[in-house]
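Everything in the sequence shown is counted per our numbering, starting at 17 for the first residue and increasing by one.
Input: a single structure, listed below in structure tokens.
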Amino acid sequence: MQYAGMIKQSLVDYPGEIVTVLFSRGCNLRCPFCHNPDLLIKPRVTAPPVDIVEVLEFMSKRKGFLDGVVFSGGEPTLSQELINDIRSVKDLGLLVKLDTNGTNTTMLELLLREGLLDYVAMDIKAPVEYKKYREACTRLSPENFFNIRSSILLLQAAEIDVEFRTTVVPALHTPEDIVAIARFIEDARLYTLQQFNPRVTLEPGYRQVVPYIKAEMQQMADMCAPYVKEVRVVNL
């Protein structure tokens, strides 16, 4: 599989680990607040794609220094090639983290069943109701919504590190919406609230949206705390 980009060394994308991050191109959702629009719509200038063979060679030379690989996007599970790429990384004895929107439950279940994942971070875009979720994603089929719900339940039962996260956008989310998400994922090990960053968005109009301030984000985190084991606030 070829990837749109690669961060050779990251200290922030996998808690406690030093990792390489791979970005796949393409997504089946169209969140207007997306901060990686170049991965959805082909930009005027593109860097050469990164092939998994190149990645594996790079990782092999740095075994003992790098701990693993994060597969991000876009939405990496859109490509069936992802499965073999992850197998190849695991064959090197490295950790694998997957960032996903949860729309490909079938692949997620396979990866978990085969023990190919060590950490999954799943984005929850809105309260888990079809109308609200569609508003946040603009493109959402009933099948994908069903898969999102199924993936949440699957991950809650998984015996690996799991993080649910929401980018909190004032134009889309009220504090009550965020609490509704926390209630849906009750007893989740980690729920991360990401502060919306208006500098780069898919829809230009969202660049005018003023983010919630730090105190407001923390207040929402405090409101979620009774429902999940850990809640944290991060800035994009």
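Where a beta carbon is used, it is the ideal one built from N, C-alpha and C, also for glycine.
- Every beta strand (DSSP E) of 3 residues or more that sits fully in the region 151–207 is shown, in chain order, as 177–184.
- Cβ contact annotation for Asp101 (same chain, cutoff 6 Å, sequence separation greater than five): Met17 and Ile68, in chain order.
- Contiguous beta strand (DSSP E) elements confined to the region 69–140 occur at 84–88, 111–116 and 135–139, taking only those with 3 or more residues.
- Rounded to whole angstroms, Thr217 and Leu209 show a C-alpha spacing of 18 Å.
- Taking C-beta atoms as the reference points, Phe49 and Ala20 fail to come closer than 7 Å.
- Secondary structure of Lys24 (DSSP, three-state): strand.
- Look at the beta carbons and you see the region 131–143 touching the region 165–180: at least three pairs across the two are nearer than 8 Å.
- Per DSSP, the unbroken alpha helix (DSSP H) holding Lys230 starts and ends at Lys230 to Cys240.
- Taking 7 Å as the cut-off, the beta carbon of Val105 is found no closer than this to the beta carbon of Val86.
- Going by C-alpha positions, Ile23 is about 6 Å away from Thr36.
- Comparing C-alpha distances from Glu232 to each of Leu56, Met75, Ile201 and Pro191 shows the shortest one belongs to Pro191.
- Collapsing the DSSP output to three states places Leu56 in coil.
- According to the DSSP assignment, Phe39 belongs to the beta strand (DSSP E) that extends over Val35 to Phe39.
- With 16 or more other CB atoms across the displayed protein chains lying within 10 angstroms of its CB, Ile197 is buried.
- Going by DSSP, Asn44 is part of no beta strand (DSSP E) at all; its letter is neither H nor E.
- Arg150 and Ala142 have their C-alpha atoms roughly 9 Å apart.
- Counting C-beta atoms within 10 angstroms of its own C-beta, Asn163 has 16 or more neighbours from the protein chains shown and is therefore classed as buried.
- In the three-state DSSP reduction, Arg248 falls in the strand class (E or B).
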